[in-house]
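Q:
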Amino acid sequence: MEQETIESILKELNNTNPQILLSMVVTPDGLALAYEGNVDDFEKVGALYIELQLMCEKIMSELEYGELEEMFIRSKSGCVVLLPIGDKGLLACMSTPDVNSSRLQMFTWKAVSRLFELM
Numbered sequence: 000m001e002q003e004t005i006e007s008i009l010k011e012l013n014n015t016n017p018q019i020l021l022s023m024v025v026t027p028d029g030l031a032l033a034y035e036g037n038v039d040d041f042e043k044v045g046a047l048y049i050e051l052q053l054m055c056e057k058i059m060s061e062l063e064y065g066e067l068e069e070m071f072i073r074s075k076s077g078c079v080v081l082l083p084i085g086d087k088g089l090l091a092c093m094s095t096p097d098v099n100s101s102r103l104q105m106f107t108w109k110a111v112s113r114l115f116e117l118m
């Protein structure tokens, strides 16, 4: 039941913005709990996202900038946004490069709030 609800939240997130190509929930140990969208190796992608989160947390800690709230990376090929779901996991989204980042942020924060309550 929980799995279906997580998947439905991800599906709704992808449907709200056609520029979102992939959304996934990753456990703290790097396992993909659920995903919506196209990805060849979702387990590898999930592990890479956790590695990125750990690196960003280290940077924030070293700079004494407080807790990590959000990571956003843009390239010519697309964007990646990562948001911690408390200590329960990570919401990760990949999008096209022309995504409206403010709109993406609004929808992903809403999804994180729902996922946090669920998990």
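Letter 49 of the sequence shown, counting from 1, is numbered 48 in numbering that gives the first Met the number 0, and no numbers are missing. Glycine included, every Cβ here is placed at the ideal spot set by N, Cα and C.
Can you tell me which of the three DSSP states isoleucine 84 falls into?
A: In this structure, isoleucine 84 counts as coil in the three-state DSSP scheme.
Q: Start and end of the alpha helix (DSSP H) containing methionine 105?
A: 100-117
Q: With a floor of 3 residues, list each beta strand (DSSP E) that falls wholly inside the region 8-74, ordered by position along the chain.
A: As far as the region 8-74 is concerned, its whole beta strand (DSSP E) runs of at least 3 residues are 19-25, 31-36, 70-73.
Q: Could you please give the first and the last residue of the uninterrupted beta strand (DSSP E) stretch that includes serine 94?
A: 89-94
Q: Between the region 53-68 and the region 5-23, are three or more C-beta pairs nearer than 8 Å?
A: no
Q: In whole angstroms, give me the CA-to-CA distance for glycine 85 and glutamine 52.
A: C-alpha separation (whole angstroms): 13 Å.
Q: Is the CB-CB distance between leucine 81 and tyrosine 48 below 9 Å?
A: yes
Q: CA-CA distance, threonine 107 and isoleucine 58?
A: 23 Å
Q: Select from Val24, Thr26, Met54, Asn13 the residue whose C-alpha is nearest the C-alpha of glycine 36.
A: Asn13
Q: Do alanine 110 and leucine 9 have their C-beta atoms within less than 9 Å of each other?
A: yes
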